[in-house]
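First residue of the sequence shown: 87, per the numbering used here; consecutive thereafter.
All C-beta atoms, glycine included, are put in the ideal place defined by N, C-alpha and C.
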Amino acid sequence: MEEKIKKILDQLPVRTDTLITGFQLFLCIVILFFAAKQQIASDAKLSKRQQQYTNKLEKKLMKQRYLLEKQHYKIKISDAKAKLHQLQQKAISNDKTLFC
């Protein structure tokens with residue numbers, strides 16, 4: 087921002103051996119106003135893009151978290167089924183030993 091202002095001020099026809107006139111001062115103020123306005127608009131656009139990108143990343147993160155939890159519960163269910171099958175096999179083998 088400061089570099090832009092310096093470039094603009096360097097382009098103004100101001101001699102160092104004369105005082106700045108009211109018109110030159112007004113012109114500087116107008117130029118600074120428009121430069122600041124442009125910078126604010128640029129910052130707003132950048133902020134909006136960053137917010138959209140952040141929202142997109144949050145959506146992806148939530149989806150990944152959901153898929154991870156879903157996978158975790160599938161693992162728990164399959165572990166429970168395996169444990170149930172193991173207990174059923176153990177119960178069947180215990181029944182066979184009782185009747186033999």
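Verify whether the separation of the beta carbon atoms of residue i and residue j is less than 7 Å.
{"i": "I94", "j": "I117", "result": "yes"}
{"i": "K92", "j": "A121", "result": "no"}
CA-CA distance, residue i and residue j?
{"i": "E155", "j": "I161", "result": "10 Å"}
{"i": "Q137", "j": "L153", "result": "24 Å"}
{"i": "L98", "j": "G108", "result": "14 Å"}
{"i": "D181", "j": "L170", "result": "16 Å"}
{"i": "S179", "j": "L147", "result": "48 Å"}
{"i": "K176", "j": "L143", "result": "49 Å"}
{"i": "D129", "j": "Y139", "result": "15 Å"}
Select from the options the residue whose C-alpha is nearest the C-alpha of residue i.
{"i": "F119", "options": "Y139, M87, N141, S133", "result": "M87"}
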